[in-house]
Amino acid sequence: MKRLVSVFAMAALLSACSAGANKADDAVANAEAGASSSASATASADGSSASASISDVKGRSVKVDTDLMQFEYSYPGKAAAIPKLSKLLDRRLDEAGQELEKSATEGQASAKKDNYPYRAYSNVVEWSVVTDLPDWLSLSSTNYSYTGGAHGMTVFDSLLWDKKAEKALNTMDVFISGPALANVVKDAFCDQLDKSRSKKRGEIVKRDEADPFTSCIDPVDNSTVILGSSNGKSFDRIGFLVPAYNAGPYAEGSYEVTLPVTKDVIATVKPQYRASFSAKK
């Protein structure tokens, strides 16, 4: 059976789309190598620094749109400027594209067999910078997917890039445990969530623990945790991205709650990472 989009055809397309980004990554790697050898090597002919070149690196954006599927994946220049991180995100991009193609092909075959209209599957992933600190790059992503049902779903993801260790961490990896973090932020989280619920619903929400759409939900189990900063030096804000259905009906969409980092929050951070946090004043 002839496939509308083959994995190999997609790979070729993605490779072509990323050619410029890969060249930029090579340039960044060369610039970083020069910077480490001597201070004078970081200056270009016009006096600009290698760091300026890194900041100019463009992000990567890929789009595949056919009758079978719509696939989009993008990440920002600050991620593309870090070769190892860019490689990690490229691998995720390829895996997501191939998985979508596989499931869409199966869905299309099922629709043809059972004689019902096939609706193209979709997956749109967009990574963005939450904050860029001297030792960390904090990213979050919005991931929309549609697989032929009544509507699509949007979920979230997060990633911390440890610049010193040159490795990626899940945001929750820096905390002692999810329950420990949830315990110290739950009251403030639920107060903010109820205010957002009331604003969306146009009436004061009365909390009912028997109703998942008005109860005080667990902030960690029901959210993607992200780390932000207001000072550009340390993490002093913590965010919770709550997808539809977790705090309210689908029609309300997602919720976002942002809280200041407190001393109690810092106490739930693993000792080796606490120096990267500060209590927001």
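If you count by mature numbering (1 follows the signal peptide of the UniProt record, and there is no 0), then the sequence shown holds residues -21 to -1, 1 to 260, one letter each, in order. Don't be surprised by glycine CBs; every beta carbon is placed ideally from N, CA and C.
Query raised in the report: What does a CB cutoff of less than 6 Å around Glu145 pick up in its chain, not counting 5 residues either side in sequence?
Result: Lys63
Backbone CA spacing between residue 262 and Ala59 [nearest angstrom]: Since the displayed the chain opens at -21 and closes at 260, residue 262 lies outside it and no answer follows.
- prompt: Between the Cα of Leu238 and the Cα atoms of Thr84, Tyr54 and Arg216, which residue gives the shortest distance?
  reply: Nearest C-alpha to Leu238: Arg216.
Review point. Looking only at its own chain, which residues have a Cβ that is under 7 Å from the Cβ of Leu79, when we skip the five neighbours before and after it?
Key: Met48, Phe50, Tyr100 and Asn102
Taking contact to mean 3 or more Cβ pairs, one atom from each stretch, closer than 8 Å, check whether the segment 152 to 168 and the segment 186 to 204 are in contact. yes
Which value, in whole angstroms, describes the spacing of the CA atoms of Ser28 and Val36? No answer about Ser28 holds up, because its pLDDT of 33 lies below 50 and its placement is not dependable.
Is DSSP giving Phe256 helix, strand or coil here?
strand
How is Gly218 classed by DSSP in three states: helix, strand or coil?
strand
Member of Lys249, Ser208 and Ser137 whose CA lies at the smallest distance from the CA of Ile155
Lys249
For Val236, which option in Pro191, Lys212, Lys174 and Tyr54 has the closest C-alpha, if you only look at C-alpha atoms? The residue among Pro191, Lys212, Lys174 and Tyr54 with its C-alpha nearest the C-alpha of Val236 is Lys174.
Original post:
First and last residue of the alpha helix (DSSP H) that includes Ile205?
Top reply: Looking at the DSSP string, Ile205 is not in any alpha helix (DSSP H); the run it does join, the beta strand (DSSP E), is Thr203 to Gly207.
* From which residue to which residue does the beta strand (DSSP E) around Ser107 run? -> Tyr100 to Asp111
Q.
Quick check: Gln87 and Tyr97, are their CB atoms within less than 7 Å of each other?
A. Annotated as proximal: Gln87 and Tyr97, with beta-carbon spacing under 7 Å.
**Prompt:** Between Thr126 and Leu118, what straight-line distance do the alpha-carbon atoms span, to the nearest angstrom?
**Reply:** 26 Å
Report task. Answer yes or no: do Ser137 and Thr150 have a C-beta to C-beta separation smaller than 7 Å? Result -> A distance below 7 Å separates the beta carbons of Ser137 and Thr150.
**Asked** Where Ser255 and Ser213 are concerned, what is the direct C-alpha to C-alpha distance, given to the nearest angstrom?
**Response** 5 Å
Next on the checklist: Please report the straight-line C-alpha distance between Gln251 and Val109, rounded to a whole angstrom.
Outcome noted: 22 Å
### Message
Considering only the alpha carbon of each residue, which of Gly232, Leu160, Val240 and Lys242 lies closest to Tyr123?
### Response
Gly232
Between the C-alpha atoms of Gly56 and Lys143, what's the straight-line distance to the nearest angstrom?
-> Taking the Cα positions, Gly56 is about 19 Å away from Lys143.
Exercise for review: Please list, in chain order, all residues of the same chain as Ile245 whose beta carbon is under 7 Å from its beta carbon, the five residues on each side excluded.
Suggested key: Around Ile245: Arg253, Phe256 and Ala258.
*In the DSSP assignment, what residue or residues form a beta bridge with Gln49?*
Asp44 and Ser101
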